[in-house]
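Chemist:
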Amino acid sequence: MATVKASMAGNVWKVLVSEGEEVKAGQDVVILESMKMEIPIAAEEDGVVQKLIAQEGDFVNEDEDLLELQ
396 MATVKASMAG
406 NVWKVLVSEG
416 EEVKAGQDVV
426 ILESMKMEIP
436 IAAEEDGVVQ
446 KLIAQEGDFV
456 NEDEDLLELQ
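According to this note's numbering, the sequence shown holds residues 396 to 465 in order.
This is the structure:
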């Protein structure tokens with residue numbers, strides 16, 4: 396099982412996938428908002444979204460888990 400982690404601290408602005416959805420490596424899965432900039436976070440490998448950990452509006456720290464892939 397792999398996790399997608401936040402590359403920097405910020406607010407989860409948009410979750411682009413849902414549980415059970417298949418994603419490809421390089422596909423944007425979450426958009427963070429930090430310092431008035433939108434930062435897309437991409438999956439690093441192919442997989443199926445097993446669990447969404449962060450929800451829209453949540454604040455996350457750098458390296459915090461956003462979602463789990465299987």
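In this text, a Cβ means the ideal position worked out from N, Cα and C, and glycines have one as well.
Alpha carbon to alpha carbon, how far is Asp453 from Gly421? Give it in angstroms, no decimals.
Modeler: Cα to Cα, the separation comes out at about 23 Å.
Chemist: If you draw a straight line from the alpha carbon of Glu459 to that of Glu439, how long is it in whole angstroms?
Modeler: If I take the Cα positions, the gap works out to 15 Å.
Chemist: Keeping to the same chain, check which residues put their C-beta closer than 6 Å to that of Ile434; ignore five residues upstream and five downstream.
Modeler: Excluding residues within five positions, the ones whose Cβ falls inside 6 Å are Leu427.
Chemist: Which first and last residues belong to the beta strand (DSSP E) in which Asp423 is found?
Modeler: From DSSP, the beta strand (DSSP E) with Asp423 extends over 423–429.
Chemist: Which value, in whole angstroms, describes the spacing of the CA atoms of Val455 and Val444?
Modeler: In a straight line, the C-alpha of Val455 is about 19 Å away from that of Val444.
Chemist: Which value, in whole angstroms, describes the spacing of the CA atoms of Leu447 and Ala401?
Modeler: In a straight line, the C-alpha of Leu447 is about 13 Å away from that of Ala401.
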